[in-house]
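2 protein chains.
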Amino acid sequence: MSQGWSVKGDEEQQLLGERIAERLRGLIAQGVLLPGEKLPSEPELAARLGVSRPTLRSAVSELVADLVLERRRGVGTFVRQAAPLLQTGLERLVGTGDTIRQLGMKPGVADLSVEHRRPPEHVAARLGLTAATGAECVRIQRVRTADGRPVMSCDEWIPERVLPDPTHLDDLGEHESVYERLAEAGLAVRLASTSIVPCLPDTDLRRKLELPPQTPILVLRQLHFASNSADHPVLYSENSYNSERIELTAVRRG
Amino acid sequence: MSQGWSVKGDEEQQLLGERIAERLRGLIAQGVLLPGEKLPSEPELAARLGVSRPTLRSAVSELVADLVLERRRGVGTFVRQAAPLLQTGLERLVGTGDTIRQLGMKPGVADLSVEHRRPPEHVAARLGLTAATGAECVRIQRVRTADGRPVMSCDEWIPERVLPDPTHLDDLGEHESVYERLAEAGLAVRLASTSIVPCLPDTDLRRKLELPPQTPILVLRQLHFASNSADHPVLYSENSYNSERIELTAVRRG
DNA sequence: GAGTGGTCTAGACCACCAG
DNA sequence: TGGTGGTCTAGACCACTCC
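Residue numbers (the numbering used here), protein chains in the order written: chain X, 258 to 511; chain L, 258 to 511.
Here you go:
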């Protein structure tokens, strides 16, 4: 360990604690910090990195949650022996394209369609839409591929009333992220309430996902909320995963 | 809103922020704070509850994550219109009995069996067991019921070498929690790495869970780590859920 | 401009672990 | 006994929202 760890004053976009966490990840990846090695004490490390102890602790907590570091009370903080590879974590909300990229594959899209229509009742109910408030939605359907092979089928509904203008998504490109387009409209998605159900696909879906017969899949039903959208959800999606090609994982804490 | 909100000095077990969160939940449940109502500002609320602002913020953040409260920068913090009922959240690791109790049902157990044997290869691999280090495990199988009806089938493996003595779990009672027994042995489970896969049950499992034919289920494969067990997992479990009776949910953050 | 949540700091006190 | 992580406090400054 040497000097020059300071990280403040770089990009002012991210939270300071997250930038510190990235810096520590980098030190481990580069071999500056070796597996099993003990880190300096928290006050000392905070001073070296030029941040306060609470900020350093938030960074360390993130790495502990990701199984990269390990804390032992009264002893110290250590680099874990086998730092695990990150998987498709359910606890983090990321765009599908980024998810596929994280797995080291190249994302693509097939069968994109954008239309305007009223959603079926179970979708309208979740979105809180009634005929009085206007139930018209933008519906986006597409199949996502990884390295050219289909991995999931997406069915997304966005109420027109949350958009700055109803045509905001009509020109969505094949490689564009709905999340990014919503963010441009001031509707950055921050939270999704998700329910996970197993399902036997119908023949149409089986063809789209190239599934053999009698293969159950996972369906994620997600209700998305933006940071400034009060109680109104901005997006409902049903994503059907080919679970032979993408594994869903979660880290649970007690 | 009135005085008498102070909560400090009660049980010193939980984190202060969590006790504050519980108190706020209570105020909402009792109707002291109504849906849509604006809370006092953070500095004022912190003063009323007798805690610092960072502590109050940790409590509020927990309720925001649970969709109970909602923050609007520059405006205030509000009680959400439809405070959702809590479901089986994937992000939190809780014992099965507690999960069923949270859903308002009465937990029970059927077909309990405890045996000692070597695990199949895929289990041994996940637990990091080799013949050299000793692969012998305690295996616990049982069907969990809610209000008398089967909701999940559990298959749990604990390496004998992590237990204080190999017979530590042999007398597990029908209504006992494996987590609690491990905690008694100084192996409190803090973290589980989980993978979620859909599955078509075989006839035996279908009978146990009272499932109709052609009904896919969810299987959670979980590798559990204790707080002080360094890199060694202490428990591997495969839980098969009757997803018509228990819904798996998760809150994802961006 | 007044009030709000968002962030970060500095420092205190404690419980735990090792020598 | 000394060093470590675990927790909580007090207060600062900022960006945002609304009047």
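Where a beta carbon is used, it is the ideal one built from N, C-alpha and C, also for glycine.
Legend: CB atoms of the segment 453-468 of chain X lying less than 8 Å from CB atoms of chain L belong to residues Ile453, Val454, Pro455, Cys456, Leu457. Taken in chain order, the complete alpha helix (DSSP H) segments of 4 or more residues contained in the segment 411-454 of chain X are 435-441.
Judged by DSSP in its simplified three-state form, aspartate 323 of chain X adopts coil rather than helix or strand. By the C-beta criterion, the segment 447-461 of chain L is judged not to be in contact with the segment 436-451 of chain X, since fewer than 3 inter-stretch pairs fall below 8 Å.
Of the candidates L/Met409, L/Glu279, L/Thr451, L/Glu279 places its Cα closest to the Cα of valine 325 of chain L.
For proline 292 of chain L and histidine 373 of chain X, the gap between their C-alpha atoms comes out near 33 Å.
For isoleucine 415 of chain L, the closest C-alpha among the options L/Leu448, L/Ser298, L/Leu480, L/Gln359 is that of L/Leu480. Look at threonine 451 of chain L: its C-beta is under 8 Å from a C-beta on chain X. In the structure shown, serine 497 of chain L falls within a strand segment according to DSSP collapsed to helix, strand and coil. Here the alpha carbon of valine 336 of chain L sits roughly 16 Å from the alpha carbon of serine 315 of chain L.
Using a Cβ-Cβ cut-off of 8 Å, threonine 506 of chain X is close to Ser450, Thr451, Ser452, Ile453 of chain L, given in chain order. In the three-state reduction of the DSSP assignment, leucine 273 of chain X falls in the helix class, which pools H, G and I. For arginine 349 of chain X, a Cβ of chain L is located within less than 8 Å of the residue's own Cβ.
Under the criterion of beta carbons closer than 8 Å, asparagine 496 of chain X and methionine 409 of chain X qualify as touching, at roughly 5 Å. For the pair of segments examined, the segment 421-432 of chain L was found to touch the segment 387-400 of chain L: the number of CB pairs separated by less than 8 Å reaches three. Excluding its 5 nearest sequence neighbours in each direction, serine 452 of chain L has C-beta neighbours in its own chain below 7 Å: Arg478, listed in chain order. Taking a Cβ-Cβ threshold of 8 Å, the residues of chain X close to glutamine 471 of chain L are Leu457, in chain order.
A distance below 8 Å separates the beta carbons of phenylalanine 482 of chain L and leucine 448 of chain L. Sorting X/Thr353, X/Glu417, X/Pro364, X/Leu347 by C-alpha distance to the C-alpha of alanine 381 of chain X places X/Glu417 at the top.
Taking 8 Å as the cut-off, the Cβ atoms of alanine 403 of chain X and isoleucine 474 of chain X do not count as close. For arginine 509 of chain X, at least one C-beta of chain L is nearer than 8 Å to its own C-beta.
No Cβ-Cβ contact shorter than 8 Å links glutamate 319 of chain L with valine 508 of chain L.
Taking 8 Å as the threshold, the shortest C-beta distance from serine 500 of chain X to chain L falls below it. Per DSSP, glutamate 372 of chain X is one residue of the beta strand (DSSP E) stretching across 364-374.
In the DSSP assignment, arginine 478 of chain X falls within the unbroken beta strand (DSSP E) covering 474-483. Judged by DSSP secondary structure, valine 400 of chain X falls within the beta strand (DSSP E) whose first and last residues are 394-403. Taking leucine 302 of chain X as the centre and dropping the five residues before and after it, the same chain places the C-beta of Leu296, Leu313 closer than 7 Å to its C-beta, in chain order. For the options L/Pro455, L/His425, L/Ser450, the alpha carbon positioned closest to that of glycine 443 of chain L is the one of L/His425.
For arginine 330 of chain L, the closest of L/Arg406, L/Glu299, L/Gln471 by C-alpha to C-alpha distance is L/Glu299.
Listed by position along chain X, the residues whose Cβ is nearer than 9 Å to that of isoleucine 474 of chain L are Pro455, Pro473.
For arginine 502 of chain X, the number of other beta carbons within 10 angstroms of its own is at least 16, and it is reported as buried. Residue pairing from DSSP places lysine 295 of chain X in a beta bridge opposite X/Phe335. Valine 317 of chain X and threonine 334 of chain X do touch by the CB rule: their CB atoms are close to 6 Å apart, below 8 Å. Bridge partners of alanine 507 of chain X according to DSSP: L/Thr451.
By the Cβ-count criterion, serine 370 of chain X is exposed, with fewer than 16 other Cβ atoms from all chains shown falling within 10 Å of its own Cβ.
Counting along the chain, alanine 381 of chain X sits inside the alpha helix (DSSP H) bounded by residues 378-384.
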